Structure formats: C-alpha cells, structure tokens
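Chain order of the listed sequences is A and B. So the number in this note's numbering is just where the residue sits in the first sequence, counting from 1, plus 403. So the number in this note's numbering is just where the residue sits in the second sequence, counting from 1, plus 403. The next block holds one structure in the form of structure tokens; read it before the comments.
2 protein chains.
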Amino acid sequence: MPFTVARDHVKRGELARRSGCNLETIRYYEGIKLMPEPARTESGHRLYSIVDQRRLRFILRSRELGFSIDEIRSLLSMVDSGAYTCGEIHALTQEHLKSVTKKISDLKKLQRTLKTISNDCGAGDEPDCPIVETLIAD
Amino acid sequence: MPFTVARDHVKRGELARRSGCNLETIRYYEGIKLMPEPARTESGHRLYSIVDQRRLRFILRSRELGFSIDEIRSLLSMVDSGAYTCGEIHALTQEHLKSVTKKISDLKKLQRTLKTISNDCGAGDEPDCPIVETLIAD
DNA sequence: TGTAAGGTCTGTAGGGACTACAGGATCAAG
DNA sequence: CTTGATCCTGTAGTCCCTACAGACCTTACA
C-alpha cells in the first residue's frame with residue numbers, strides 16, 4: 404500500500420465529526436497553539452494522529468467543564484511536561500470552582516430581583532407597568 | 404445669559420460620572436442607536452438633557468438585570484412608543500428570567516461535576532491525578 | 001493674556017472564543 | 001472525466017464593550 408495514510412490518521416472533517424468539534428474551531432485551536440501543527444499529506448491536507456485526537460478531546464472536555472482557554476493551556480502544559488502534581492491540578496480546579504460558584508450566586512441574586520419585580524406586575528392590559536417604573540425611576 | 408448652556412445639560416464626562424457608566428460606553432450606545440444623538444455645543448461637544456440622562460439610567464438598570472442589548476432595545480421601543488402593556492413587559496421579563504434560571508441550572512451541574520472530580524483528588528504530591536485521568540480518558 | 005492641564009472629539013484596534021465565508025485546490029466515486 | 005464533497009488559506013464578523021492616538025476645546029491660574 405504505497406502512500407496509504409495510516410488508518411489512525413484522520414483529516415480535519417473526520418476529526419470534527421468524531422469529536423463533535425466545529426470544523427473551524429480545530430483550525431482556530433491550532434492558530435492559538437492549543438493544538439500542535441499536525442502532519443500533512445503531500446498536497447497539504449492536515450492529518451491528525453491518535454495523540455492529536457486525544458488532545459482535542461482533552462480540550463473539549465475541559466471546555467465543557469467551563470475552563471477558559473488560558474486555564475486549559477495551563478492544564479495542558481502541566482500534563483505535557485508530566486511535571487504536575489495532584490495538588491497543582493486540584494488547585495486550578497478549585498480556583499475554577501470558586502468562579503463558577505460566584506457566577507451562580509450572582510445569577511441567583513438576579514433571579515430573585517427579577518422574580519420580585521415580575522411579581523409586582525399584574526401582566527394585564529394596563530399601560531402602567533411596575534417593571535417599567537422600576538427601570539424608569541429617578 | 405447668552406449662550407449659557409442650560410444647567411440640566413451635561414457633557415459626556417459628567418454624564419459618565421453621574422451614571423457610573425464608562426465614558427466610552429456612552430458613545431458606544433449612541434453608535435448602536437440605543438442612545439439618541441444628543442445636542443451639541445457650537446464646538447461639537449455632546450450635551451445630554453435630563454431625558455437623555457434618564458434614558459441612560461434605564462439602560463444601565465436593565466443591564467444590571469442582565470437584559471441583553473436587544474432586549475433593552477425592545478423595552479425601550481415599547482416605552483418610547485408608549486404603546487406597551489404590563490403583559491408585554493411581563494412576558495419579556497419572564498422570558499429573561501427563564502434564561503437566567505437555565506444558566507443557573509447549567510452552572511450547578513458544572514459545579515457538581517467539578518466538586519466530584521475535585522473530591523476524587525487527594526491534592527497531594529503524586530503525579531497521577533484523577534482529574535487529569537478524567538480529562539484524558541478515551 | 002499666556003499657558004498648562006485636563007476634557008472632548010474622531011476613528012480605529014483589541015479582547016475572548018469562536019464562526020463563517022470566499023475563492024481556489026484536491027479528493028473520491030461513478 | 002466529471003461532479004460534488006472536502007480541504008486549503010486568509011479574512012471578516014459576532015457580542016459588548018474598552019482603550020488608545022492624535023487633534024481640538026475649555027478652564028483655571030499666574
């Protein structure tokens with residue numbers, strides 16, 4: 404099989420399909436150096452190895468957990484170098500958890516406020532709405 | 404008092420100070436037509452009337468309640484035209500409340516996941532971290 | 001009256017995290 | 001051999017601001 408591409412190498416479209424990642428996002432991650440420059444076919448098409456595929460999965464899972472790109476960069480560089488400890492990873496996770504918790508409490512406050520002003524409103528046909536009064540007030 | 408600017412007209416900087424809004428944001432809101440083009444001094448400096456000041460307050464309060472720019476545009480156009488009912492405003496608020504509630508529940512799910520994987524981790528000096536295992540897994 | 005500091009003007013770039021498109025090359029199937 | 005899908009590159013757009021540069025205007029004080 405001359406010039407046959409190894410079975411475990413896939414092109415961008417296939418990687419997108421397998422990972423559920425948007426096609427363009429893969430190239431974007433390469434641009435910001437989150438993903439490495441992959442191998443290429445002779446004609447220039449990208450070829451992703453199993454390792455590349457694992458790395459993208461790592462990134463996508465981290466994003467699902469709400470880590471920012473910079474946080475993922477940290478996670479990856481720790482894991483890449485192999486020089487990480489449980490403690491470091493745990494710290495990063497706790498930091499992130501704290502910001503998630505903060506966001507939740509902010510949104511809950513918002514929710515309470517919205518419920519309150521919403522309850523004041525009869526939702527009828529009258530043109531004087533207490534919600535508007537709240538927004539308009541001096 | 405020839406050419407004296409009315410006391411209730413203020414320039415951009417003063418409006419920013421009074422409202423707590425960022426100076427540039429005011430111009431931005433003008434650009435996206437959330438704020439009207441204000442009067443100008445002869446030399447071209449913006450002059451905001453009381454009405455303008457109220458409108459900006461309305462916008463800022465709506466933003467504090469998490470309404471998007473488009474939602475604020477809707478609120479404003481209803482209030483501007485005077486042709487709104489309690490019911491319409493209430494509906495918009497409920498819609499927004501729903502999206503806030505959704506965000507909270509999404510974040511809570513995230514929080515639970517992060518707590519779980521974080522708890523599995525001893526946070527010690529070991530190089531094998533269960534959090535990383537989670538991210539790395541096939 | 002001169003001048004220096006500070007406010008305002010315009011247009012434009014940057015951020016974060018993508019997403020989408022145009023215009024061309026390449027590939028796979030019939 | 002042709003068609004249609006996929007791939008390439010570069011670039012622009014999204015959302016909601018924020019910040020800067022370089023010029024002009026205003027105000028306070030000497």
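C-beta: ideal position from N, C-alpha, C; glycine also. Because the structure is a prediction, the values reported are computed rather than measured.
Looking at the C-beta of valine 535 (chain B), does it have a partner C-beta in chain A at a distance below 8 Å? Valine 535 (chain B) belongs to the set of residues whose beta carbon lies under 8 Å from a beta carbon in chain A.
Less than 8 Å between the beta carbons of cysteine 524 (chain A) and isoleucine 472 (chain B), yes or no? For cysteine 524 (chain A) and isoleucine 472 (chain B), no; Cβs fall outside 8 Å.
What are the residues that DSSP puts in a beta bridge with alanine 442 (chain A)? When beta bridges are read from the DSSP output, alanine 442 (chain A) appears opposite A:Leu450.
Beta-carbon proximity list for aspartate 455 (chain A), same chain, < 6 Å, skipping 5 on both sides: Result list for aspartate 455 (chain A): Pro441, in chain order.
Which residues of the stretch 442-458 of chain B have a Cβ closer than 9 Å to any Cβ of chain A? Give them in chain order. Listed by position, the residues of the stretch 442-458 of chain B near chain A (Cβ gap below 9 Å) are Arg457.
is_contact[cysteine 365 (chain B), chain A] using C-beta, thresh 8 Å: The requested residue 365 (chain B) does not occur in the structure, where chain B is confined to residues 404 to 541.
Taking three-plus beta-carbon pairs below 8 Å as touching, is the stretch 461-480 of chain A in contact with the stretch 414-434 of chain A? Cβ pair count under 8 Å is three or more, so yes.
Counting Cβ pairs, one atom from each stretch, are 3 or more of them under 8 Å apart for the stretch 492-506 of chain B and the stretch 484-491 of chain A? Fewer than three pairs of CB atoms, one per stretch, sit closer than 8 Å, so the stretch 492-506 of chain B makes no contact with the stretch 484-491 of chain A.
By how many angstroms is the C-alpha of serine 452 (chain B) removed from the C-alpha of proline 405 (chain B)? Annotation note: pLDDT 32 at proline 405 (chain B) (below 50); position unreliable, no value reported.
Nearest-angstrom Cα separation, counted from isoleucine 507 (chain B) out to lysine 511 (chain A): Going from the Cα of lysine 511 (chain A) to the Cα of isoleucine 507 (chain B) covers about 7 Å.
Among A:Lys436, A:Ile475, A:Arg415, A:Glu445, whose alpha-carbon lies nearest the alpha-carbon of leucine 495 (chain A)? Relative to the Cα of leucine 495 (chain A), the nearest Cα in the group A:Lys436, A:Ile475, A:Arg415, A:Glu445 belongs to A:Ile475.
The alpha helix (DSSP H) enclosing valine 503 (chain A), as first and last residue numbers: 489-522 is the span of the alpha helix (DSSP H), which, as asked, contains valine 503 (chain A).
Tell me, please, which residues DSSP counts as bridged to valine 413 (chain A). BP columns for valine 413 (chain A) point to A:Tyr451.
From glutamate 445 (chain A) to valine 413 (chain A), what distance separates their C-alpha atoms? So the two alpha carbons sit approximately 14 Å from each other.
Would cysteine 489 (chain A) pass as an interface residue toward chain B - the criterion being a Cβ-Cβ separation below 8 Å? Chain B places a beta carbon closer than 8 Å to that of cysteine 489 (chain A), counting this residue as a contact.
Assuming glycine 434 (chain A) is part of the alpha helix (DSSP H), what are its boundary residues? Element bounds for glycine 434 (chain A): 426-434.
Please report the Cβ distance between methionine 438 (chain B) and arginine 458 (chain B), rounded to the nearest whole angstrom; I am assuming they are in contact, meaning their Cβ atoms lie under 8 Å. About 6 Å; that satisfies the 8 Å criterion.
Residues, ordered as in the chain, of the stretch 416-428 of chain B that lie near chain A by beta-carbon distance below 7 Å: Contact annotation: in the stretch 416-428 of chain B, no residue has its CB less than 7 Å from a CB in chain A.
Are the CB atoms of isoleucine 539 (chain A) and isoleucine 520 (chain A) nearer to each other than 8 Å? Going by C-beta atoms, isoleucine 539 (chain A) is not nearer than 8 Å to isoleucine 520 (chain A).
Tell me the DSSP secondary structure of proline 530 (chain A) in three-state form. Looking at proline 530 (chain A) - three-state DSSP - the assignment turns out to be coil, as it is neither helix nor strand.
Closer than 9 Å at the beta carbon, the chain B residues around phenylalanine 413 (chain A): A small correction: the amino acid at residue 413 (chain A) is valine; phenylalanine does not occupy that position in the sequence shown. Residues of chain B passing the Cβ test: none, with the nearest at roughly 15 Å.
Quick check on the burial criterion: 16 or more other C-beta atoms within 10 angstroms. Buried or exposed for isoleucine 435 (chain A)? Using a 10 angstroms sphere on the CB of isoleucine 435 (chain A), the tally of other CB atoms stays under 16, which defines it as exposed.
Between which two residues does the alpha helix (DSSP H) harbouring serine 480 (chain A) extend? According to the DSSP assignment, serine 480 (chain A) belongs to the alpha helix (DSSP H) that extends over 472-484.
On the criterion of 16 or more Cβ atoms from any shown chain inside 10 Å, does tyrosine 432 (chain A) qualify as buried, or is it exposed? The residue is buried, with at least 16 neighbouring Cβ atoms inside 10 Å.
State the CB to CB distance for the pair arginine 410 (chain A) and arginine 449 (chain A), rounded to an integer number of angstroms; the pair is presumed to be in contact (CB under 8 Å). With 8 Å as the limit, arginine 410 (chain A) and arginine 449 (chain A) do not qualify as a contact, their Cβ atoms being about 16 Å apart.
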